[in-house]
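J.: Structure below; questions to follow.
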Amino acid sequence: MDAYSAQYAARLGAQKATSDIQKLPNMLRELFHAYYERTKRRPEHVIYYRDGVGDGQYFDILEAEIRALRKACKMISDNYSPPITFIVANKRHLTRAFPVDRRDADRKGNVKPGTIIDTGVVDPHRFDFFLYGHSSIQGTSKPCHYTVLYDENKLSADDIQLLTYHLGYTFSRSTHAVSVAAPVYYANEAAAHARHFLKEAPEDESSDTVSCSSGSKFLFAEVHKNVQNKMFFI
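Heads up: the sequence shown at position 212 corresponds to 212 in full-length UniProt numbering, and the numbers run straight through without jumps.
This is the structure in structure tokens:
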């Protein structure tokens, strides 16, 4: 929401358990509008970080959410079509690295923050890399695995890796770098916060509800308009 990638806004919603975000076009349209209201300009480039995607879902999610991004842009103006870069972040893996030379390690013996691994153990047919974005408090540090699935901005590998690393320092609740890019971290925080907006629906409720595995139905409360474009989720 600002030129320094430090301020963010979120949109929350409830849906059935699925990997795709069902209300994404409207959410994106609202966020584009909120950005315009604050800066008086539309985003000229879109860098889209996505979490929670398994390897076998990459291209299904890519196709669906690029389409949603395009639809959101068309809702604003038929002539609005900013270039999009789509990056998947994943920390649910078992890959670890260690420094061969002790002099290259941090004080705990781990790989130093800022280390990029983009050869050898990466997919030869994709643009992916492992990034050690932070220094582990205890134990063996764990990298985040990033996969660039789509890049209309034509960014170089160095550009994307440096941007992703720097975003780890913009998480406002920490005085140190965090393990993933701040937009991914904030998205997880917002999703966790959204649970507090669910309340059990009356049996005779006929409006839009969400069902859980037990069969119970829930209503989702809207975030108040006075705070919806602020970082209420942290």
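For glycine and all other residues, C-beta sits at the position ideal for the given N, C-alpha and C.
Three or more beta-carbon pairs under 8 Å between the segment 120-133 and the segment 28-36, yes or no?
T.: No contact exists between the segment 120-133 and the segment 28-36.
J.: Taking the DSSP output, what are the residues bridged to residue 146?
T.: Here residue 146 is taken as the residue at index 146 of the sequence shown, counted from 1. For residue 146, which the question treats as bridged, DSSP gives the partners 89, 129.
J.: Should residue 89 go down as buried or exposed, given a rule of 16 or more other Cβ atoms within 10 Å for buried?
T.: Within the sequence shown, numbered from 1, the residue matching residue 89 stands at position 89. Per the 10 Å Cβ criterion, buried.
J.: Should the segment 146-166 be regarded as contacting the segment 74-85, the criterion being three or more beta carbon pairs within less than 8 Å?
T.: With a cut-off of 8 Å, the segment 74-85 and the segment 146-166 count as touching, because enough Cβ pairs lie within range.
J.: What whole-angstrom Cβ distance do residue 181 and residue 49 have, given they're in contact under 8 Å?
T.: The residue given as residue 181 occupies position 181 in the sequence shown. The residue given as residue 49 occupies position 49 in the sequence shown. Going by Cβ atoms, the distance from residue 181 to residue 49 rounds to 6 Å, so yes, they are a contact pair.
J.: Based on DSSP bridge pairs, tell me the residues matched to residue 116.
T.: On the sequence shown, position 116 is the one that residue 116 refers to. Beta-bridge pairing links residue 116 to 131.
J.: Output the boundary residues of the alpha helix (DSSP H) element that contains residue 67.
T.: The sequence position of residue 67 within the sequence shown is 67, counting from 1. From DSSP, the alpha helix (DSSP H) with residue 67 extends over 58-76.
J.: Is any beta-carbon of chain C found at less than 8 Å from that of residue 64?
T.: Given the protein chain composition of this structure (a single chain), no chain C is represented.
J.: CB residue 224 to CB residue 176, shorter than 8 Å?
T.: As a position in the sequence shown, residue 224 is number 224, starting the count at 1. As a position in the sequence shown, residue 176 is number 176, starting the count at 1. Contact flag unset, no.
J.: Between the segment 59-77 and the segment 98-116, are three or more C-beta pairs nearer than 8 Å?
T.: They do not touch, by the three-pair rule.
J.: Give me the Cα-Cα distance between residue 156 and residue 166, rounded to the nearest whole angstrom.
T.: Here the question's residue 156 lines up with position 156 in the sequence shown. Here the question's residue 166 lines up with position 166 in the sequence shown. For residue 156 and residue 166, the distance between alpha carbons rounds to 15 Å.
J.: Under a three-way DSSP split, which group does residue 30 fall into?
T.: Position 30 of the sequence shown, counted from the first residue, corresponds to residue 30. Looking at residue 30 - three-state DSSP - the assignment turns out to be helix.
J.: I'd like the span of the beta strand (DSSP E) that includes residue 47, first residue to last.
T.: Numbered from its first residue, the sequence shown carries residue 47 at position 47. Its beta strand (DSSP E) spans residues 46-50.
J.: Between 118, 161, 60, 105, which lies nearest to residue 140 when the distance is taken from Cα to Cα?
T.: Here residue 140 refers to the residue found at position 140 of the sequence shown. The option with the nearest alpha carbon to residue 140 is 105.
J.: Can you say whether residue 39 is buried or exposed, counting buried as having 16 or more other CB atoms within 10 angstroms of its CB?
T.: In the sequence shown, counting from the first residue as 1, residue 39 sits at position 39. Exposed.
J.: So the candidates are 111, 92, 30; which of them puts its Cα closest to the Cα of residue 74?
T.: As a first step, residue 74 is located in the sequence shown; it is residue number 74 there, counting from the start. For residue 74, the nearest C-alpha among the options comes from 30.
J.: What are the boundary residues of the beta strand (DSSP E) that residue 200 is part of?
T.: Taking the sequence shown and counting its residues from 1, one reaches residue 200 at position 200. Start and end: 198-200.
J.: Alpha carbon to alpha carbon, how far is residue 27 from residue 194? Give it in angstroms, no decimals.
T.: Locating residue 194 in the sequence shown gives position 194, counting from the first residue. Locating residue 27 in the sequence shown gives position 27, counting from the first residue. Their backbone Cα atoms lie some 14 Å apart in a straight line.
J.: If we ignore side chains and look at the alpha-carbon of each, how far apart do residue 132 and residue 44 end up?
T.: Taking the sequence shown and counting its residues from 1, one reaches residue 132 at position 132. Taking the sequence shown and counting its residues from 1, one reaches residue 44 at position 44. Cα to Cα, residue 132 sits roughly 29 Å from residue 44.
J.: As a quick exercise: from 115, 142, 168, pick the residue whose alpha carbon is nearest that of residue 4.
T.: If you number the sequence shown from 1, residue 4 lands on position 4. Taking only the C-alpha atoms, the option nearest residue 4 is 168.
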